[in-house]
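*Asks:* In numbering that gives the first Met the number 0, the protein residues as written are 0 to 204.
Below you'll find the structure I mean.
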Amino acid sequence: MENFFTLTIILSLFSFTMTTTLSPGPNNILVLSSGLTYGYKKTIPHMLGVIIGFPLMVILIGLGAGIVFERFPFVLVALKYIGIVYLLWMAYKIATATNNYEVEEKQKSKPFTFIQSALFQWVNPKAWIMGITVISIYVNTQQESFYQIFAIAFMYFLTTLIGMNIWVGGGVFLKRFISNSHFVKNLNRVLAFTLILSILPLLFN
Numbered sequence: 000m001e002n003f004f005t006l007t008i009i010l011s012l013f014s015f016t017m018t019t020t021l022s023p024g025p026n027n028i029l030v031l032s033s034g035l036t037y038g039y040k041k042t043i044p045h046m047l048g049v050i051i052g053f054p055l056m057v058i059l060i061g062l063g064a065g066i067v068f069e070r071f072p073f074v075l076v077a078l079k080y081i082g083i084v085y086l087l088w089m090a091y092k093i094a095t096a097t098n099n100y101e102v103e104e105k106q107k108s109k110p111f112t113f114i115q116s117a118l119f120q121w122v123n124p125k126a127w128i129m130g131i132t133v134i135s136i137y138v139n140t141q142q143e144s145f146y147q148i149f150a151i152a153f154m155y156f157l158t159t160l161i162g163m164n165i166w167v168g169g170g171v172f173l174k175r176f177i178s179n180s181h182f183v184k185n186l187n188r189v190l191a192f193t194l195i196l197s198i199l200p201l202l203f204n
């Protein structure tokens, strides 16, 4: 276990998890839009769903879910396309989302709940790629795999906590300087288009 917890490995793992957490992807685009549309407080359940849900997913992948996909690769392919369809639907929801003033009046749209956000990780293609990749790189011994998996998950918990606050904070920051509801709607359409662009590489992978 000492070999895994060297300073070099810890810094490498932190760099990997922080980079993959901060890079644009479905989770980040969704919470940015939620922060812009609903504000920080109403986006907290969405954030917690990612902060807790993704590290839990990493643990389950490390403890054996990855073996299922090695034996039955069609399951991963099916999840991939289910995720893509779901993300396209989310892009539509973002593009048609009302701003928080209209929400209070009409109650037409709502932010993600904790459960919705946590379950979303399992149909998020980027989350699968991140989870499988980090386990394959940083779990290097069978004897210490249990400790390594939980150390990786804990590191992702920390970096996802940071990353979610940065992306939601970005949406809240933009909201403070945008008083025109039409501009908010147009910006959400741009975010929806960006989400679609993030899906395209998955179609050819």
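Heads up, the beta-carbon is just placed ideally off N, CA and C, and yes, glycines get one too.
Computed from a predicted structure; not experimentally measured.
Given a cut-off of 8 Å on the beta-carbon distance, is the pair residue 62 and residue 9 in contact?
*Replies:* Cβ atoms of residue 62 and residue 9: not closer than 8 Å.
*Asks:* Between the region 37–49 and the region 183–195, do at least 3 Cβ pairs fall closer than 8 Å?
*Replies:* The answer is no - the region 183–195 does not touch the region 37–49, with fewer than three Cβ pairs under 8 Å.
*Asks:* Helix, strand or coil for residue 24, going by three-state DSSP, please let me know.
*Replies:* Residue state, collapsed to three classes: coil.
*Asks:* Closest to residue 89 by C-alpha separation, out of 111, 38 and 70, would be which residue?
*Replies:* For residue 89, the nearest C-alpha among the options comes from 111.
*Asks:* Identify whether residue 147 lies in helix, strand or coil by the three-state DSSP scheme.
*Replies:* Three-state DSSP puts residue 147 in a helix.
*Asks:* Round the Cβ separation of residue 205 and residue 194 to the nearest angstrom and send it over; I've been treating them as touching at under 8 Å.
*Replies:* No information on residue 205 is available, as it lies outside the stretch 0 to 204 that the chain covers here.
*Asks:* My understanding is that residue 54 touches residue 152, with C-beta atoms under 8 Å, so please give their C-beta distance in whole angstroms.
*Replies:* Their Cβ separation, rounded to whole angstroms, is 4 Å, which keeps residue 54 and residue 152 in contact under 8 Å.
*Asks:* Where residue 93 and residue 182 are concerned, what is the direct C-alpha to C-alpha distance, given to the nearest angstrom?
*Replies:* Distance between the alpha carbons of residue 93 and residue 182 is about 14 Å.
*Asks:* Could you say which of 45, 84, 35 and 40 lies nearest to residue 118 if we only look at CA atoms?
*Replies:* Taking only the C-alpha atoms, the option nearest residue 118 is 45.
*Asks:* Distance check for residue 5 and residue 37, CA to CA, integer angstroms please.
*Replies:* If I take the Cα positions, the gap works out to 42 Å.
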